[in-house]
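J.: Can you read through this structure? Questions will come right after.
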Amino acid sequence: IAVLKNKEPGSFVVRDSHSFRGAYGLAIKVATPPPSVLQLNKKDPLEEIAETSPQTAANSATELLKQGAVEMESLTGYQAVQKAFSMTLMQDPFPISTIVHFKVSAQGITLTDNQRKLFFRRHYPVNTVIFCALDPQDRKVFGFVARKQGSGTDNVCHLFAEHDPEQPASAIVNFVSKVMIGSQKKI
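Following the working numbering, the numbering of the sequence shown begins with 1 at its first residue and continues without gaps.
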């Protein structure tokens, strides 16, 4: 089918079917897809916004140092972030941290542990992320509070530190608040 990409509409290829032994497949290049074909947007809507806004592009995905996650029961807001950092700093030994790819989209926050130290990939849907803020003591760290999976009342505060000086925690918090938490209020 890749052969037809640069061809004119009406061009076609007949080939052996990979799915059905002894059968053939026909691929035809058309000018416009028939009305019964579902057209999916090939870009993430946030990426389209990112192309027009350098700040958005810089902050939609970045590398961060994940410091840990602390269960908060029903606590949320700045109190949850402050308590989570205090509890984490008091732990002995200090929890294992790992560099994660932190991606924010209209669907939620996706964390990927590239080294698979603690996990492979985790996704927090937009409707579960309820708060995001910088550490109240002005360290270069921040946390986001999300509903604990399978619970309607319990929360978990996920803690992160800056890894790339070009991606300050304040810009990430602003982006998360604008894109995710702000979009929930509109619904």
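Even for Gly, the Cβ is constructed at its ideal location relative to N, Cα and C. What you are looking at is a predicted structure, and each value in this text was computed from that prediction instead of being measured.
At a cut of 8 Å, does the region 73 to 84 reach the region 150 to 168 through at least three beta carbon pairs?
T.: yes
J.: How would you call G143, buried or exposed, if buried means at least 16 neighbouring beta carbons within 10 angstroms?
T.: buried
J.: Mind checking whether the beta-carbon of E71 lies closer than 8 Å to any heavy atom of the ligand SAM?
T.: Absence of the ligand SAM from the depicted structure is noted, as is the absence of any ligand whatsoever, leaving it without description.
J.: Taking only runs that begin and end inside the region 94 to 167, name each unbroken beta strand (DSSP E) of 3 or more residues, in chain order.
T.: 98 to 105, 108 to 113, 121 to 125, 129 to 134, 141 to 147 and 155 to 162
J.: Could you tell me the boundaries of the beta strand (DSSP E) in which M72 lies?
T.: A61 to E73
J.: If the criterion is Cβ atoms closer than 9 Å, does the pair A171 and K103 meet it?
T.: no
J.: Tell me which residue opens and which closes the alpha helix (DSSP H) that L4 is part of.
T.: Neither: L4 is in no alpha helix (DSSP H) and is coded neither H nor E.
J.: Using three-state DSSP, classify F12 as helix, strand or coil.
T.: strand
J.: Closest to E166 by CA distance: which of N114, E71, P93 and E63 is it?
T.: E63
J.: May I ask which residues mark the beginning and end of the alpha helix (DSSP H) holding A84?
T.: G77 to M90
J.: Can you pull the DSSP bridge partners for A27?
T.: V13
J.: Alpha carbon to alpha carbon, how far is H123 from E73? Give it in angstroms, no decimals.
T.: 20 Å
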